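> This structure is in C-alpha cells; I'll ask about it shortly.
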Amino acid sequence: MLGKINFNFITDLSKLPQKVASAMSEIESPALVGANYNPLMYVGDQLVRGTNYWFIAEQTLTTREFDKHLVLIAVNEFENKFEIVPSSIMRIL
43 MLGKINFNFI TDLSKLPQKV ASAMSEIESP ALVGANYNPL MYVGDQLVRG TNYWFIAEQT
103 LTTREFDKHL VLIAVNEFEN KFEIVPSSIM RIL
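For what it's worth, my numbering labels the leading residue of the sequence shown as 43, then goes sequentially.
As C-alpha cells, then:
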C-alpha cells in the first residue's frame, strides 16, 4: 500500500537483504554536512516515489561537543539511486 510503512525490525545488520544493505551504506557515508550516522536497527520500508528504507541510527553532530542523539532516518531508492531523505530525520532521544 502506497505510503504505509511495512515494519520489519532487524537488529542484526549483517543479515540485511541487499537493497536494504545498500540503503544503509548511504547512511554510513558522510552524506550530510554537520552530522554522522551509525545505523543501529532496520525498521522497515515504505512505498512512495521509489522505496524509503527506515532506520534507527545514532546521530553525532560535528559540533564542539560532538552531541549524540538517537534518530529515525529514511533512505530513498529511486531508479537504483540511494539518498538520505533530509526531511525524514526525526530525533527520538
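No residue lacks a Cβ here, since even glycine has one placed at the ideal position from N, Cα and C.
Computed from a prediction, not measured in an experiment: that's the story for all the values here.
In terms of DSSP beta bridges, what is Thr102 paired with?
For the purposes of this step, residue 102 is identified with residue 60 of the sequence shown, where counting begins at 1. Answer is Asn78, Lys110.
> With distances taken from CA atoms, which of Glu68, Leu114, Phe120, Leu135 is nearest Ser129?
Taking the first residue of the sequence shown as 1, we reach residue 129 at position 87. Looking at the Cα atoms, Leu114 is the closest of the given residues.
> Within the continuous alpha helix (DSSP H) that includes Ile47, where are the two ends?
The sequence position of residue 47 within the sequence shown is 5, counting from 1. That residue, Ile47, is in no alpha helix (DSSP H); its beta strand (DSSP E) goes 47-52.
> Kindly confirm or deny that the region 97-111 and the region 82-89 touch, where touching means at least three C-beta pairs closer than 8 Å.
Touching, yes, given that three or more Cβ pairs across the two stretches are closer than 8 Å.
> On the DSSP letters alone, give me the boundaries of the beta strand (DSSP E) that Ile126 sits inside.
As a working note, residue 126 is residue 84 in the sequence shown. Ile126 -> beta strand (DSSP E) spans 123-126.
> In the DSSP assignment, find the alpha helix (DSSP H) that holds Ser64 and state where it starts and stops.
Counted from its first residue, the sequence shown places residue 64 at position 22. Looking at the DSSP string, the run of the alpha helix (DSSP H) that includes Ser64 is 60-70.
> Quick one: what's got a C-beta closer than 7 Å to Phe49's C-beta in the same chain, skipping five residues either side?
For the purposes of this step, residue 49 is taken as residue 7 along the sequence shown, with counting starting at 1. Counting only Cβ-Cβ distances below 7 Å, and skipping sequence neighbours, we find Val85, Gly86.
> Can you tell me whether Leu135 is helix, strand or coil according to DSSP?
Translated into positions along the sequence shown, residue 135 becomes position 93. Here Leu135 sits in coil by DSSP.
> So if DSSP puts Val117 in a beta bridge, which residue, or which two residues, is it bridged to?
Translated into the one-based positions of the sequence shown, residue 117 becomes position 75. Val117 pairs with Tyr95, Ile126.
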